[in-house]
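Below you'll find the structure, written out as structure tokens, and then a few comments.
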Amino acid sequence: MLSTTFGYHASEDRVWLACPAWPQRLWLTRRIVRQILGEVVQQIEAGPAAEGDAAPLAAAERAAAEHEASLNQRQPGEPARALQTGREAADARALADAVLCTRFTLLRGASHIDLVFVTTAGERRLHLSRVGLHRWVHGLHMVLRHAQWQDWPPSPDWLTRSYLPPALQRLLQGHAPQAGPDADDPHAPRPRPDA
Numbered sequence: 000m001l002s003t004t005f006g007y008h009a010s011e012d013r014v015w016l017a018c019p020a021w022p023q024r025l026w027l028t029r030r031i032v033r034q035i036l037g038e039v040v041q042q043i044e045a046g047p048a049a050e051g052d053a054a055p056l057a058a059a060e061r062a063a064a065e066h067e068a069s070l071n072q073r074q075p076g077e078p079a080r081a082l083q084t085g086r087e088a089a090d091a092r093a094l095a096d097a098v099l100c101t102r103f104t105l106l107r108g109a110s111h112i113d114l115v116f117v118t119t120a121g122e123r124r125l126h127l128s129r130v131g132l133h134r135w136v137h138g139l140h141m142v143l144r145h146a147q148w149q150d151w152p153p154s155p156d157w158l159t160r161s162y163l164p165p166a167l168q169r170l171l172q173g174h175a176p177q178a179g180p181d182a183d184d185p186h187a188p189r190p191r192p193d194a
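Sequential numbering of the sequence shown, starting at 0, is according to numbering that gives the first Met the number 0.
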């Protein structure tokens, strides 16, 4: 199973990308990241309709459903946590040898997508399934929220919304979890405070 790690380096104002199979990390500029996001979002939204759909969903709705399933459904043989967050020192030794990505290409195969990063040190590839592509772009988007690049077109709703279960969303928003059969239903009626 392939793993990648992203980070944002404020003083370089670049995103870095690491893969254990690569000899160095990659620097991704704003221009390259914008291209990557555009092509990946377009690929996801142009994806195949689900088999047996009587009423096909709009591209954004289909992408949202596929994105949620990709993030929340464990794949056969994968570890418990597909997405992990962490911190790394800004002066990490691995960044000293990072190479600049000068060109990006997305190649679509029958059952996979290749992300191709061209650098001065050669080509680097990520070979991803559709589930892997969803998880990869979600991780990249998480890093971009920290970069706070303001000169961007808005991301699609399906990429920016939270896919955490409702109980975890409430917990992170500072609301105490509710007990009872409707605890995880955000639309369930709640008792009024004066009742």
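For each residue, glycine too, the CB sits at the ideal point set by N, CA and C.
Closest by C-alpha distance to residue i, when choosing among the options
i       : options                          : result
Arg-33  : His-140, Val-130, Leu-106        : His-140
Leu-143 : Thr-3, Leu-1, Arg-13, Ser-2      : Arg-13
Ser-110 : Ala-17, Trp-21, Leu-132          : Leu-132
Leu-42  : Arg-61, Arg-30, Leu-25, Arg-29   : Checking the sequence shown, residue 42 turns out to be Gln, not Leu. With distances taken between Cα atoms, Gln-42 lies closest to Arg-61.
Val-40  : Pro-153, Phe-5, Ala-68           : Pro-153
Ala-45  : Gly-6, Glu-122, Glu-67, Arg-129  : Arg-129
Glu-11  : Val-98, Leu-1, Glu-67            : Val-98
Leu-70  : Val-136, Leu-1, Gln-149, Ala-166 : Val-136
Pro-155 : Trp-26, Ala-59, Val-117          : Ala-59
Whether residue i touches residue j by CB criterion (7 Å)
i       : j       : result
Val-115 : Arg-107 : no
Ala-63  : Trp-157 : yes
Thr-3   : Cys-18  : yes
Ala-93  : Arg-160 : no
Phe-5   : Gly-138 : yes
DSSP bridge partner residues for residue i (one or two, in chain order)
i       : result
Asp-113 : Leu-106, His-126
Ile-66  : Sequence check: residue 66 is His here, not Ile. For His-66, which the question treats as bridged, DSSP gives no partner whatsoever.
Gly-121 : Thr-118
Arg-160 : In DSSP, Arg-160 forms no bridge with anything.
Leu-27  : Val-14
Helix, strand or coil at residue i according to DSSP, with G and I counted as helix
i       : result
Ala-81  : Its pLDDT being 48, under 50, Ala-81 is placed unreliably by the model, and nothing is read from it.
Trp-21  : coil
Leu-99  : strand
Tyr-7   : strand
Leu-1   : coil
Trp-135 : helix
Beta-carbon separation (whole angstroms), residue i vs residue j, contact threshold 8 Å
i       : j       : result
Thr-119 : Thr-101 : 7 Å
Ala-146 : Tyr-7   : 5 Å
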